[in-house]
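A.B. asks: Numbering (the working numbering) for the sequence shown: 9 to 148.
Sharing a structure with you now.
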Amino acid sequence: MSYTDLAKLTARFGADLLLQLADRDGSGVVDDGVVDGAIADTDAAIDGYLAGRYKLPLANTPPLLADLAAAIAIYKLHTYEPDAKIAEDYKDAMRQLREIAAGTIRLPAEGVEPEGTGASGVRVTDRERPFTEQNLKGFI
């Protein structure tokens, strides 16, 4: 399941920017293969962060993930240095993915359950005391 697609990227960033970034052969048409490759890389990165906490694939794409995917995909489409806004959005998206993986940010997705880590709480065991008042009777 993809978290974003060409239509969403076009709606968010505009057809002109996508044409500049994804027209690698100079034909004046967006190369779908280039965009699909960036989206696939983006999906793999997001799944890598989510896999430790959520069962994949997700039933629905939460709006936060769609936003993060768009920021990451447009960054990955850049062959050269992106402008400051796109680079900052990418860094922010990666920071939010780390927070999702750590559990600081919880996704509001239906049917998504965090995987348990096993036992919870503290378990303390103690051995029987070898020297008690009864054992030392006569020595004290």
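Virtual Cβ for every residue (Gly too), placed ideally from N, Cα, C.
Quick one: using the 10 Å Cβ neighbour count with 16 as the cut-off for buried, is residue 37 buried or exposed?
C.D. replies: One-based indexing of the sequence shown puts residue 37 at position 29. Residue 37 should be labelled exposed.
A.B. asks: Helix, strand or coil: how does DSSP classify residue 113 here?
C.D. replies: Locating residue 113 in the sequence shown gives position 105, counting from the first residue. Residue state, collapsed to three classes: coil.
A.B. asks: How big is the Cα-Cα spacing for residue 147 and residue 130?
C.D. replies: Position 139 of the sequence shown, counted from the start, is the residue given in the question as residue 147. Position 122 of the sequence shown, counted from the start, is the residue given in the question as residue 130. Between residue 147 and residue 130, the C-alpha separation is close to 37 Å.
A.B. asks: List the whole-angstrom C-beta distance separating residue 98 from residue 83, where the pair is believed to meet the contact cut-off of C-beta under 8 Å.
C.D. replies: Within the sequence shown, the letter at position 90 stands for residue 98. Within the sequence shown, the letter at position 75 stands for residue 83. Yes, they are in contact, since the Cβ atoms of residue 98 and residue 83 sit about 4 Å apart, within 8 Å.
A.B. asks: So, for residue 85: in the same chain, excluding its five sequence neighbours on each side, which residues have a beta-carbon less than 8 Å away from its beta-carbon?
C.D. replies: Residue numbering aside, residue 85 sits at position 77 when the sequence shown is read from its first letter. 26, 29, 30, 42, 43, 46, listed in sequence order.
A.B. asks: Is it right to say residue 77 is buried, meaning 16 or more other beta carbons lie within 10 angstroms of its own, or is it exposed?
C.D. replies: Along the sequence shown, read from residue 1 onward, the residue named residue 77 stands at position 69. Classification for residue 77: buried.
A.B. asks: Could you tell me how far apart the beta carbons of residue 109 and residue 57 are, in whole angstroms, since I believe they sit closer than 8 Å?
C.D. replies: Translated into positions along the sequence shown, residue 109 becomes position 101. Translated into positions along the sequence shown, residue 57 becomes position 49. About 4 Å separates the two Cβ atoms, so the contact holds.
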